[in-house]
Amino acid sequence: MSSGKHLKGIHVDHCKNTAGQAIIPMTLPEKVFIPMSQHIGAPCQPVVAVGDHVKVGQLIGDNAAPMCAPIHSSVSGEVVAIEKFMTSFGRVDTNVIIQVDGKQEIAETVKPPVVTDKASFLAAVRASGLVGLGGASFPTHIKYNPANPDAVDTLVVNGAECEPYITVDHMTMVAHAKEIVEGCKNIMKYLNLKKTIIGIESNKPDAIKAFNDILSGESDISVFELRQVYPQGAERVIIYECTGRHLIAGKLPADVGVIVSNCTTVLKLQEFLATGMPLVNKSLTVDGNIVAKPQNVEVPLGTKVHDVIEFCGGLTGEAGKILFGGPMMGKALPSDDFAVTKGNNAILCFDKDFAQQHEETACISCGRCVRGCPMNLMPAKLSRAYKHKDVELLNKYNVMSCMDCGCCAYSCPARKQLNFEIKQAKGLVMAANAAAKAKAEAKAAKEAAAKEGGNN
Amino acid sequence: MAENRTGLIVSSAPHVVNPVDTTSIMRDVIIALIPALIVSIYVFGFRALALTLVNVAACVIFEWAFQKFMHRKQTIGDLSAALTGLILALNMPSTFPFWMAIVGDFIAIVIVKQLFGGLGENFANPAIVARIALFVGFATAMTNWQVTSKMDPAIVAAAGDAMTGATPLALYAKGAELPSTMSMFLGTINGSMGEVSAIALIIGGIYLLIRKVITWEIPVSFIAVVAILSAAFGRDPLFDILAGGVMLGAIFMATDYVTSPINPAGKLIFGAGCGAMTMLIRQFGAYPEGVSFAILLMNVLTPHIDNWTRSKLNGVDNKGGAK
Numbered sequence: 035m036s037s038g039k040h041l042k043g044i045h046v047d048h049c050k051n052t053a054g055q056a057i058i059p060m061t062l063p064e065k066v067f068i069p070m071s072q073h074i075g076a077p078c079q080p081v082v083a084v085g086d087h088v089k090v091g092q093l094i095g096d097n098a099a100p101m102c103a104p105i106h107s108s109v110s111g112e113v114v115a116i117e118k119f120m121t122s123f124g125r126v127d128t129n130v131i132i133q134v135d136g137k138q139e140i141a142e143t144v145k146p147p148v149v150t151d152k153a154s155f156l157a158a159v160r161a162s163g164l165v166g167l168g169g170a171s172f173p174t175h176i177k178y179n180p181a182n183p184d185a186v187d188t189l190v191v192n193g194a195e196c197e198p199y200i201t202v203d204h205m206t207m208v209a210h211a212k213e214i215v216e217g218c219k220n221i222m223k224y225l226n227l228k229k230t231i232i233g234i235e236s237n238k239p240d241a242i243k244a245f246n247d248i249l250s251g252e253s254d255i256s257v258f259e260l261r262q263v264y265p266q267g268a269e270r271v272i273i274y275e276c277t278g279r280h281l282i283a284g285k286l287p288a289d290v291g292v293i294v295s296n297c298t299t300v301l302k303l304q305e306f307l308a309t310g311m312p313l314v315n316k317s318l319t320v321d322g323n324i325v326a327k328p329q330n331v332e333v334p335l336g337t338k339v340h341d342v343i344e345f346c347g348g349l350t351g352e353a354g355k356i357l358f359g360g361p362m363m364g365k366a367l368p369s370d371d372f373a374v375t376k377g378n379n380a381i382l383c384f385d386k387d388f389a390q391q392h393e394e395t396a397c398i399s400c401g402r403c404v405r406g407c408p409m410n411l412m413p414a415k416l417s418r419a420y421k422h423k424d425v426e427l428l429n430k431y432n433v434m435s436c437m438d439c440g441c442c443a444y445s446c447p448a449r450k451q452l453n454f455e456i457k458q459a460k461g462l463v464m465a466a467n468a469a470a471k472a473k474a475e476a477k478a479a480k481e482a483a484a485k486e487g488g489n490n
Numbered sequence: 310m311a312e313n314r315t316g317l318i319v320s321s322a323p324h325v326v327n328p329v330d331t332t333s334i335m336r337d338v339i340i341a342l343i344p345a346l347i348v349s350i351y352v353f354g355f356r357a358l359a360l361t362l363v364n365v366a367a368c369v370i371f372e373w374a375f376q377k378f379m380h381r382k383q384t385i386g387d388l389s390a391a392l393t394g395l396i397l398a399l400n401m402p403s404t405f406p407f408w409m410a411i412v413g414d415f416i417a418i419v420i421v422k423q424l425f426g427g428l429g430e431n432f433a434n435p436a437i438v439a440r441i442a443l444f445v446g447f448a449t450a451m452t453n454w455q456v457t458s459k460m461d462p463a464i465v466a467a468a469g470d471a472m473t474g475a476t477p478l479a480l481y482a483k484g485a486e487l488p489s490t491m492s493m494f495l496g497t498i499n500g501s502m503g504e505v506s507a508i509a510l511i512i513g514g515i516y517l518l519i520r521k522v523i524t525w526e527i528p529v530s531f532i533a534v535v536a537i538l539s540a541a542f543g544r545d546p547l548f549d550i551l552a553g554g555v556m557l558g559a560i561f562m563a564t565d566y567v568t569s570p571i572n573p574a575g576k577l578i579f580g581a582g583c584g585a586m587t588m589l590i591r592q593f594g595a596y597p598e599g600v601s602f603a604i605l606l607m608n609v610l611t612p613h614i615d616n617w618t619r620s621k622l623n624g625v626d627n628k629g630g631a632k
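Taken in sequence, the protein lines are chains A and B. This note's numbering applies: residue 35 is where the first sequence begins, and numbers increase by one. This note's numbering applies: residue 310 is where the second sequence begins, and numbers increase by one.
Structural data, given as structure tokens:
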């Protein structure tokens, strides 16, 4: 239960223009480009070859490494190419390119899994291909299998959707509250959890009502109304707001007895348990000031951004910025030639005016970054310590606790890219820690060798 | 196949910013000082406006010239130099010679601000240091308090036939008759141009609070400690709050971001320190007024206060262990 205290945050214009628009399925693109790395962990290896005919839900990529989620075809058609490409993050990945035949035949393998206990449940979660759909893309079967299962008692369902513009989780909750609750019950049953708290920002009263209507008789599942403060949907924030437990840097939610899942993840899991259809589609909010018809669409994974934009009527002006995700934490794309993956939840297109970069000026120590930081950090101090490459000072000011929510940079009147600098500072600290560790190990090895030599 | 849009801007998140920027903050503070400026023009006449314009122009020109000469990026557009000129003007008597004012503007902008690295790098409030330098260097001119017919009878009577006379604080030090509380509240007294009207300064302060430019901690702790110590010293708390530069200092000068602490606890310590120093100087010091010295001293302590009141991580105790 919430302690009545809140973590800090900021007020951002919601711009939820597509709220109330039901999610409509997109017409099939000509081709889909399905990347083999759509999750945190080992990339999948393609298990199909060029020329193969594939069906919807058919496994096309997998990897025996534990930290991995399998990837399934989102369409029926022919594999026309398997080739390397550069992701929007600048990493090299492999695309399985499928020519869509339009029949959308369902694969024979798609049938409800047999789930009887925790092991078969976790196997089903893995087979569903699910990753954290809020954007983190952490393989769900790993998350549901913590090292300390007995200490975990609570499922927090993340329905905050605190990013501006994005409304797909909202619309999903309104339409599928019943299935989400069923999913929560299954998760609680097989992971032996005591309760579920569904956290929803108070700007979605219809979603809150949808749950409350069906939860009247439930004692172990409840809705918690979150304040309209960004970033309520950040993992550490929603855990604290819903349970009063602090998740500090370097710890997992399971360390404070909590598993957090996005509401759409829970829904997709329930759908997989009911039908056996793995994660092949993703709902997106397509919005921004130059999108002709802003709307919520369900697109097959691997659909190119330009195909989605065309489906939404194209753009009414010259694009200055195209984002995967929301404006607070979303990723700016170098072109519209990237494919939708599991972690995406929005495509936002903005004009040149919006994309204009603000000139950075001097820090005036106004403290707005400090007042906005949910983690209670001092971003301006971290920025200064990073400029001096002062690892000791960065640690003193708890640099590793930054979760990159962007409240500091949003609030900064000097337009400093504070969270970006802090992100780089984290890299600096990790490199320094790694170097120190390597040095200590080398020293230990040397001493051990010297000792051994002395014994001979 | 659709066109492959290029020329897109790729930058790090967040992709939206709060409309408040440095310039809008400075503009808000300037707006908040307009009531005080209007009262000073009413009370002291149009020389108050002329002196203010000279100060603002000189500060902007000094900043422009310094940056031009040093090949630095021009920052006069952020309005911080104009604000320094305005605040410094409001700290002068209306009779202050223009050339001396320009010397003060040079000290504020070139010596205290630019030579330390420009906006954000100065260790002390430029206007405060300039005011103190002028006070020490041109002591007579800086205490030449004009008396006008708009002022409280007690002030006018004390001045006699002279055009200038003692401020309420000086009258208090002499044990003479004091102006009414209402006169001090409205501003029909003599003193530095911008400090006379408590109501005008409070209106500006409320505007800054509403606009979230300042927070309550520094002004409230400053004024509260002045009142408490005044009572403890057997003085009149209301008089001490309204007299001299307490309102101007507490609302507009001690709250300067650059030279005051960042965290609320630090701000409370800072404001309380300013209030305590002010009253110690008023009660025991050689000068009748101590607001400037108090703020300067606390400016110097600000880095230390910031260090003592560092933010603590959520869920972690002081020693770094989990709670």
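Where is the CB? At the ideal position from N, CA and C, for every residue including glycine.
Pull up the distance between the alpha-carbon of D414(B) and that of N400(B), whole angstroms please.
As a working note, residue 414(B) is residue 105 in the second sequence. As a working note, residue 400(B) is residue 91 in the second sequence. Looking at the two C-alpha atoms, the distance is approximately 12 Å.
According to DSSP, is I535(A) helix, strand or coil?
An answer regarding residue 535(A) cannot be provided, because it is not within the stretch 35 to 490 covered by chain A.
Would you decide whether R381(B) is buried or exposed? Buried here means 16 or more other CB atoms lie within 10 Å of its CB.
Position 72 of the second sequence holds residue 381(B). When all chains shown are included, R381(B) counts as exposed.
Taking a cut of 7 Å between CB atoms, which residues from the region 430-460 of chain A lie near chain B?
N432, S435, G440, A443, Y444, S445, P447, A448, R449, Q451, F454
Would you say N410(A) reaches chain B, if we count a Cβ-Cβ gap shorter than 9 Å as a contact?
As a first step, residue 410(A) is located in the first sequence; it is residue number 376 there, counting from the start. So yes, N410(A) belongs to the interface.
With a cut-off of 8 Å, do at least 3 Cβ pairs link the region 575-589 of chain B to the region 530-537 of chain B?
Yes, the region 575-589 of chain B touches the region 530-537 of chain B.
When Cβ atoms are compared, which residues of the region 609-621 of chain B fall closer than 8 Å to chain A?
Near chain A, meaning a CB-to-CB distance below 8 Å, the residues of the region 609-621 of chain B are R619, S620, K621.
In terms of DSSP beta bridges, what is T277(A) paired with?
Position 243 of the first sequence, counted from the first residue, corresponds to residue 277(A). Partner(s): none; T277(A) has no beta bridge.
So, at 6 Å on beta carbons, what are the nonlocal neighbours of R440(B) in its own chain, with the 5 sequence-adjacent residues on each side left out?
Here residue 440(B) refers to the residue found at position 131 when the second sequence is read from its first residue. N400, S601, listed in sequence order.
What are the partner residues of A120(A), as DSSP defines its beta bridges?
As a working note, residue 120(A) is residue 86 in the first sequence. Correcting the residue type first, residue 120(A) is Met in the shown sequence and not Ala. Answer is V126(A), bridged to M120(A).
Pull the bridge partners of C383(A) from the DSSP assignment, please.
Taking the first sequence and counting its residues from 1, the one referred to as residue 383(A) is at position 349. C383(A) pairs with I356(A).
Any idea which residues DSSP pairs K65(A) with across the strands?
Sequence index remark: in the first sequence, residue 65(A) carries index 31 (1-based). Paired residue(s): Q133(A).
Is it buried or exposed for P146(A), if we count other Cβ within 10 angstroms and need 16 for buried?
Along the first sequence, read from residue 1 onward, the residue named residue 146(A) stands at position 112. Exposed, because fewer than 16 other Cβ atoms sit within 10 Å of the Cβ of P146(A).
Short of 7 Å in beta carbon distance, which residues of its chain neighbour S273(A), apart from the five on each side in sequence? Order them along the chain.
Position 239 of the first sequence, counted from the first residue, corresponds to residue 273(A). What sits at residue 273(A) in the sequence shown is Ile, not Ser. Correct list, in chain order: V190, R279, L281, P287, V290, V292, V294.
What are the residues in the region 417-430 of chain B lying within 9 Å of chain A by C-beta distance?
G426, G427, L428, G429, E430
Check whether chain B comes within 9 Å of E112(A), counting only Cβ atoms and requiring the distance to be less than that.
Reading the first sequence from its first residue, position 78 is the one you call residue 112(A). Taking Cβ atoms only, chain B never reaches closer than 9 Å to E112(A), which makes this a no.
Mapping DSSP to helix, strand and coil, what is K89(A)?
On the first sequence, residue 89(A) is found 55 positions in, with the first residue counted as 1. Correct three-state label for K89(A): coil.
Would you mind reading off the limits of the beta strand (DSSP E) that contains F258(A)?
Residue mapping note: residue 258(A) aligns to position 224 of the first sequence, counting from 1. Start and end: 255-260.
Identify the residues that DSSP records as bridge partners of S295(A): which are they?
The residue you call residue 295(A) lines up with position 261 of the first sequence. Beta-bridge pairing links S295(A) to V191(A).
Cβ atoms of G446(B) and E504(B): under 9 Å apart, would you say?
Along the second sequence, one-based indexing puts residue 504(B) at 195. Along the second sequence, one-based indexing puts residue 446(B) at 137. Taking 9 Å as the Cβ cut-off, E504(B) and G446(B) do not qualify as a contacting pair.
Count Cβ pairs between the region 54-70 of chain A and the region 322-331 of chain A that sit closer than 8 Å; are there 3 or more?
yes
Under a three-way DSSP split, which group does E112(A) fall into?
The residue labelled residue 112(A) in the question sits at position 78 within the first sequence. If DSSP states are grouped into helix, strand and coil, E112(A) belongs with the strands.
Would you mind reading off the limits of the alpha helix (DSSP H) that contains I232(A)?
Stepping through the first sequence from its first residue, residue 232(A) is reached at position 198. No alpha helix (DSSP H) holds I232(A); the beta strand (DSSP E) holding it covers 229-235.
Just the C-alpha distance for D135(A) and G166(A), rounded to the nearest angstrom, thanks.
Residue 135(A) sits at position 101 when you count from the first residue of the first sequence. Residue 166(A) sits at position 132 when you count from the first residue of the first sequence. Their Cα atoms are separated by approximately 30 Å.
In or out: L541(B) buried (at least 16 other Cβ within 10 Å) or exposed?
Stepping through the second sequence from its first residue, residue 541(B) is reached at position 232. The displayed chain sequence assigns Ala, not Leu, to residue 541(B). Answer is exposed; the Cβ neighbour count stays below 16.
Below 9 Å between beta carbons: does that hold for R405(A) and S435(A)?
The residue given as residue 405(A) occupies position 371 in the first sequence. The residue given as residue 435(A) occupies position 401 in the first sequence. No, the Cβ-Cβ distance between R405(A) and S435(A) is not below 9 Å.
Please name the residue, chosen from Q138(A), S171(A), A157(A), that lies closest to P63(A) on a Cα-to-Cα basis.
For the purposes of this step, residue 63(A) is taken as residue 29 along the first sequence, with counting starting at 1. When only C-alpha atoms are compared, the closest one is Q138(A).
Give me the chain A residues within the contact set of G599(B), using Cβ-Cβ distance strictly less than 9 Å, ordered along the chain.
Locating residue 599(B) in the second sequence gives position 290, counting from the first residue. Per Cβ cutoff of 9 Å: no residues; G599(B) is ~25 Å from chain A at best.
How about M362(A): is its C-beta nearer than 9 Å to some C-beta of chain B?
For the purposes of this step, residue 362(A) is taken as residue 328 along the first sequence, with counting starting at 1. It does: the Cβ of M362(A) has a partner Cβ on chain B nearer than 9 Å.
Could you have a look at L349(A) and say whether DSSP puts it in helix, strand or coil?
Reading the first sequence from its first residue, position 315 is the one you call residue 349(A). Here L349(A) sits in strand by DSSP.
Can you list the residues of chain A that Y566(B) reaches, using a CB-CB cut of under 8 Å?
For this step, residue 566(B) is matched to residue 257 along the second sequence. Residues of chain A passing the Cβ test: I398, S399, C400, G401.
Would you mind sorting E526(B) into buried or exposed? The rule is 16 or more other CB atoms within 10 Å of its CB.
As a first step, residue 526(B) is located in the second sequence; it is residue number 217 there, counting from the start. Its Cβ being crowded by 16 or more others within 10 Å, E526(B) is buried.
Got a sec? Which residues, its chain only, sit under 7 Å from C218(A) by beta carbon, not counting five neighbours each side?
Mapped onto the first sequence, residue 218(A) falls at position 184. So the list reads L189, V191, T230, I255, V300, once near-sequence residues are dropped.
Using only the alpha-carbon positions, how far apart do G558(B) and R619(B) sit?
Translated into positions along the second sequence, residue 558(B) becomes position 249. Translated into positions along the second sequence, residue 619(B) becomes position 310. Their Cα atoms are separated by approximately 25 Å.
Considering only the alpha carbon of each residue, which of V319(B), I420(B), M607(B), V365(B) lies closest to T564(B)?
In the second sequence, residue 564(B) corresponds to position 255, counting from 1. Looking at the Cα atoms, M607(B) is the closest of the given residues.
Between the region 340-353 of chain B and the region 375-391 of chain A, do at least 3 Cβ pairs fall closer than 8 Å?
no
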